[in-house]
Structure formats: structure tokens, C-alpha cells
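*Asks:* Heads up, the sequence shown is in the numbering used here, so the first residue is 241 and it goes up one at a time.
Each residue gets a CB set at the ideal place from its N, CA and C atoms; glycine is no exception.
These numbers come from a predicted model, not from an experiment.
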Amino acid sequence: MADHRTPPKLPIVIGAVVFLWALADVVFDGPLRRWDRSLLMGAEPYVHQPLGWRLVSDIGGVWVLVVALLSAVVVHLLRRGTMRLLLRAAACFVAVEAAIWLAKATIGRTAPRSGVDDLEAHGMSFPSGHTAGSLALLTIAAAVIVPPGSRLAAFTAWFIPLISAAVGVSTVALHFHWPTDVLGGWGLGLVAATFIRHSVAEKVERQ
Numbered sequence: 241m242a243d244h245r246t247p248p249k250l251p252i253v254i255g256a257v258v259f260l261w262a263l264a265d266v267v268f269d270g271p272l273r274r275w276d277r278s279l280l281m282g283a284e285p286y287v288h289q290p291l292g293w294r295l296v297s298d299i300g301g302v303w304v305l306v307v308a309l310l311s312a313v314v315v316h317l318l319r320r321g322t323m324r325l326l327l328r329a330a331a332c333f334v335a336v337e338a339a340i341w342l343a344k345a346t347i348g349r350t351a352p353r354s355g356v357d358d359l360e361a362h363g364m365s366f367p368s369g370h371t372a373g374s375l376a377l378l379t380i381a382a383a384v385i386v387p388p389g390s391r392l393a394a395f396t397a398w399f400i401p402l403i404s405a406a407v408g409v410s411t412v413a414l415h416f417h418w419p420t421d422v423l424g425g426w427g428l429g430l431v432a433a434t435f436i437r438h439s440v441a442e443k444v445e446r447q
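1) With a threshold of 6 angstroms on Cβ separation, who are the neighbours of L272 within its own chain once the five nearest residues in sequence on each side are excluded?
2) How long is the line joining the alpha carbons of A242 and S374, rounded to whole angstroms?
3) Using three-state DSSP, classify D243 as helix, strand or coil.
4) Measure the beta-carbon distance from H417 to S368 and round it to whole angstroms, keeping in mind my assumption that it falls under 8 angstroms.
5) If I'm right that R277 touches D357 with Cβ under 8 angstroms, what's the distance once you round it to whole angstroms?
6) On the CB-based measure, 16 or more other CB atoms within 10 Å of its CB, does P387 come out buried or exposed?
7) Is the beta carbon of G348 less than 8 angstroms from the beta carbon of E337?
8) Which value, in whole angstroms, describes the spacing of the CA atoms of A441 and A433?
9) Measure from the alpha carbon of M281 to the alpha carbon of each residue in V407, A397, S354 and A372, then state which is nearest.
10) Ignore the nearest five residues each way along the sequence and tell me which others in F259's own chain have a CB closer than 6 angstroms to its CB.
11) Would you call V334 buried or exposed, if buried means 16 or more other Cβ atoms sit within 10 Å of its Cβ?
12) Cutting at 8 angstroms between CB atoms, please list the residues of its own chain near H316, excluding the five before and the five after it.
13) Within 10 angstroms of its Cβ, does L250 collect 16 or more other Cβ (buried), or is it exposed?
14) Taking A256 as the reference, give the member of F435, A393 and V431 with the closest Cα.
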């Protein structure tokens, strides 16, 4: 019988492996990082598709995610939900943003649009914040308003990672990020989302 007191292990393992794999490849200039350069160096970004790649990329942008989170808060309050749940969700938000920023600042990778691929160069490219943020923060919004254990909760558990992957692809097409940035961001986001979903659901069940 599954232990509901602990988060599911499989997505955490998958996310951790993907993140660490991408991180190691970037740090040690592995085959994926070399492929990054061969794919994007000298290539033109798809900047003339404002309703295509840019629209998808905007899903992982600050304003869209803030609107999603605030909408979840409003729905929760209209349902007369507890402030404790919102405080836990807020703590998850702060933890996610701190983890993304710390990883970016530590690696310091430059973005493809700079024309170079350097580390410790005050860049903020790895991991992709759009990818990690869309996965983790949309999960926070969904966890606040969707009943745990419901069919909708199961749907969001796999649909949000797909949306995040699409956001990541769009950032590569627009030269905002290297492919390995997206891999790292998606892995980090998956780990965070799994803990978030479990933490918020546990709080709901105790109410």
C-alpha cells in the first residue's frame, strides 16, 4: 500500500536524474552541450512568429504565472479556503524561485543570443526559468484549487509537465535558452512540482 505521507518517488528520481545529467553535461562540456552550440550558433531565432513560439514561451513568463497564481488565490478565497493553505503555497513559491535563482547564479551560463557559450560569466541561462517556473508554479496554482485525488488532479499531474516541455522548446526556438538549459529546468521543475503537489494535498486532507 502506498504511503501517502511521502511524495511519489518516481517523478522525483526522473527529475533529479534529468537535472543532474544536464548539469554535469554543461559543467564538463559534454556531448549535449556541444550539440547545443552546433544547433544554435549562427542560426536565426524564430522571431517572426509572434503568435507561435512567443505565445507558447509567454506561458512561462512572469506575468502569466503571476496571473495564474493570483487567480488560484481568488478561487480559493471565494471557496472560503484557509489562509494556512495559501501560506504553504506561498512558501513553495519562494522556495522554487530561490532554487532557480541560486542555480542560475551559480552556473552563470550565457544565453544563445549572446553569441557565446560561457560559464561563470554572469549569465542566467541555466537552468531555464521559463521551463522550471511554468512546471512548478502552475502546479502550485492547480494544487490550491483542484481537489487532491480527483480525476482533474491526475490530469494536471501529467498535463502541466507537457505544457512546461512545450514552453522549453519555444525558448530554444527563440534562442532564449540552450536545449540543456531546458532539460535542467524541466528536471528541477518536476522535482519541485512533485513535492509541491504532495505538500499542498497533505494540507488539504488535514483540513
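*Replies:* So, to answer that:
1) D265 and T420
2) Low confidence applies to A242: its pLDDT is 46, below 50, so where it sits in the model is not reliable, and the reading given next is rough at best. Cα to Cα, A242 sits roughly 28 angstroms from S374.
3) Legend: pLDDT at D243 = 48, less than 50; position of this residue unreliable, no value from coordinates given.
4) 5 angstroms
5) 5 angstroms
6) exposed
7) no
8) 12 angstroms
9) S354
10) G424, G427 and L428
11) exposed
12) L325, L326, V384 and I385
13) exposed
14) V431
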